[in-house]
Each structure stands twice: as C-alpha cells, then as structure tokens.
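>
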Amino acid sequence: MNPALQGQAAIGVGDYKPIEGCPGLYPGWYKPETETINLQTKKNDINTTDDERYKETLNDDPYEHHDLSLSHSNIAEELSKKIAEYHKQMIPANFAKNSAAFNPEHFKGYWSPGCC
C-alpha cells in the first residue's frame, strides 16, 4: 500500500474537516520526537483502509477519533461536494516512469529524478 498514490483530500470548513481517501497509515496523534523510539509496529496498529471518509468536529475531537459522517450526513454531503469542486480544478500529478537514469550511482550516491 502506498498512501501517496491512493488519492487523498482534506479541507477544514468551520469546525469540521472532511478527509477522503487514505487518512494515513497510523491512527491517532503523533508525539513529537524528543527521544529515541522503537519504530516496530504491530500489524493491527496500521490503518490499511483504502477509502475513509472522516468528518470530525475539531473543537470536540482534536485527535480526530470520531467519524461523524453518518450522524451528520447532511454536513458530510455538503463537505464532499466542496472537495469534489476542488478536484475539478486539480492538475493531474506527473509521475516520472522508473528509469535506470535515476540510480543514485549516477549522482554521487543521491537519488535524483534524472532531470536535474
């Protein structure tokens, strides 16, 4: 799973924030790094859902644990329409095809898209 390629969108509108697509691999709040941490995770700690629609009230749920899209379906629908309008204006991403020219051995050990 590659969340960057799954298609994601979010927008803050008043007290609500709709998130469409993969909301990220790890649920919850990320504690700022002030010490060494163990990066090993259990499989059930990773969010592998492909299509999530969260509509949270940011004032009452700052850690965004509660999905309000069912209990506030009218607001969810309105916010989804707003995101759809933005999608119409988007310029498609231009992902370069893989090439041996990008290999770090050609750039003193650093990765490059091959064009610069």
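Heads up: the sequence shown is residues 147 to 262, going by this note's numbering.
We treat Cβ as the ideally placed atom computed from N, Cα and C, and that holds for glycine.
Since we're looking at a predicted model, the values are computed, not measured.
1) Verify whether the separation of the beta carbon atoms of P164 and K234 is less than 9 Å.
2) For the alpha helix (DSSP H) containing I165, name the first residue and the last one.
3) Identify which residue in Y256, G158, F253, Q154 has its Cα closest to the Cα of N205.
4) Taking the beta strand (DSSP E) that A155 belongs to, which residues open and close that run?
5) In angstroms, rounded to a whole number, what distance separates the CA positions of N220 and Y162?
6) Determine the direct distance from the alpha carbon of P169 to that of T194, and round the result to whole angstroms.
7) Any idea if L216 is buried or exposed, counting beta-carbon neighbours within 10 angstroms, 16 or more meaning buried?
8) If you follow the alpha helix (DSSP H) that L225 is in, where does it begin and where does it stop?
Result, derived from the coordinates:
1) Going by C-beta atoms, P164 is not nearer than 9 Å to K234.
2) First-last for I165: 162-167, but that is the beta strand (DSSP E), not the alpha helix (DSSP H).
3) Considering only alpha carbons, the answer is G158.
4) Looking at the DSSP string, the run of the beta strand (DSSP E) that includes A155 is 154-156.
5) Between the C-alpha atoms of N220 and Y162 there is a straight-line separation of about 12 Å.
6) Confidence at T194 is low in this model, with a pLDDT of 49, below 50, so the placement of that residue is unreliable and no value is reported for it.
7) Exposed, because fewer than 16 other Cβ atoms sit within 10 Å of the Cβ of L216.
8) Run containing L225: 219-235, per the alpha helix (DSSP H) assignment.
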